[in-house]
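Numbering (the numbering used here), first residue to last: 1 to 251. Encoded as structure tokens, the structure appears first; notes follow it.
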Amino acid sequence: MSHLPEPWPVVLAILIGLALAEISFFVTTIYLHRALAHKAIVLSPRAKATCRILIWVGTGTRPRQWVAVHRKHHAFTDRDGDPHSPFIFGYAHVQFGNVALYRKAARDPATVARYARDLPRDSWDRWLFDHALLGLGLGVVVLVLTMGWMLALIAAGVYTVTYLLGAGAINAIGHWWGKRPYQNLATNNQWLAWLVAGEGLHNNHHAAATSARLSFTKGEFDPGWYVVRALVGLHLATLRHTKLVLKASRS
Ligand SMILES: [Zn+2]
Ligand SMILES: [Zn+2]
1 MSHLPEPWPV VLAILIGLAL AEISFFVTTI YLHRALAHKA IVLSPRAKAT
51 CRILIWVGTG TRPRQWVAVH RKHHAFTDRD GDPHSPFIFG YAHVQFGNVA
101 LYRKAARDPA TVARYARDLP RDSWDRWLFD HALLGLGLGV VVLVLTMGWM
151 LALIAAGVYT VTYLLGAGAI NAIGHWWGKR PYQNLATNNQ WLAWLVAGEG
201 LHNNHHAAAT SARLSFTKGE FDPGWYVVRA LVGLHLATLR HTKLVLKASR
251 S
């Protein structure tokens, strides 16, 4: 990109950062959330291994910790015990301090032991995937080798801010502002769903946590669902339910 005239390399680096964040939102919702945490989707071994590497390099997240924190959120939604409810911690704390709240919950061995029993630490975790800095470092090295360190720094910065704010928005906005067609405190925001691979339809999700599809009615659109459908079409995934199973009725 260095031969491009100014300011295009910088613009391109920003766009690459945004595109990479978008990829991470899709991998997070499909692999960590819909497949591992709720078993709404069963991924093929090859798809699972690819997602595991992408999450490691893109976020450094340990899947069993993410799953445990998220299942605890569903077990205690918006009441004492919820690791990141804006009703408990305040909107701004969850929106901007989501990482700190997540880390606190993820590092509690009792939470992981209780809520992620089905995801025991294996030898791949021991040698590779539990080393977050190694994964993130690899990601940065790939960026530096392809873009040069200056543009890589810009792309990585844009990526990090976008991913962290998006994840914070799902937990904060997704329980604070928006429509509540089903009887839970989570909210639907279609604009947010466009930005974070469908996760903005969070009220729907809390009403039917094992649904692989987060859009339920006309006018709702879940971008993640179309990737899930493509994976099913490619025999890289199967669905747990073909019909919607709702926990609560529409209010
Ligand atoms: Zn929620
Ligand atoms: Zn969930």
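Even glycine gets a Cβ: it sits at the ideal position worked out from N, Cα and C. Computed from a predicted model, the values in this text were never measured in an experiment.
- In this chain, the beta strand (DSSP E) harbouring L239 covers 237-239.
- For V42, the enclosing beta strand (DSSP E) stretches over residues 41-43.
- Secondary structure at L15: helix, using DSSP grouped into helix, strand and coil.
- Considering only W177, K72, A172, W225, the residue with the shortest C-alpha distance to P83 is K72.
- Of the heavy atoms belonging to ligand 2, none sits nearer than 7 Å to the Cβ of A92.
- Per the coordinates, the alpha-carbon of A113 lies some 46 Å from the alpha-carbon of P9.
- With contacts defined as CB atoms closer than 8 Å, V228 and A212 qualify as a contacting pair.
- For a cut-off of 8 Å, the C-beta gap from I41 to R34 is around 5 Å, short enough to register as a contact.
- At the C-beta level, I55 and Y31 come within 8 Å of one another.
- As far as DSSP is concerned, N98 takes part in no beta bridge.
- Closest option to A237, judged by alpha-carbon separation, among S44, A13, M147: S44.
- K179 is bridged by DSSP to N188.
- Shown here, L145 sits in a helix according to DSSP, grouped into three states.
- Collapsing the DSSP output to three states places L234 in coil.
- DSSP lists N188 as the beta-bridge partner residues of L201.
- Nearest neighbour of L36 by Cα position, chosen from R79, N188, D118, turns out to be D118.
- Annotation for H38: A209, T210 place their beta carbon closer than 6 Å to its own, counting only its chain and skipping 5 residues before and after.
- Counting only residues of its own chain and dropping the five nearest sequence neighbours on each side, A47 has a CB closer than 7 Å to the CB of L231, L236, A237.
- The set of residues with CB atoms less than 6 Å from any heavy atom of ligand 2 reads, in chain order, H33, A37, H38, H70, H74, H205, A209.
- Taking C-alpha positions only, V69 is separated from A167 by approximately 13 Å.
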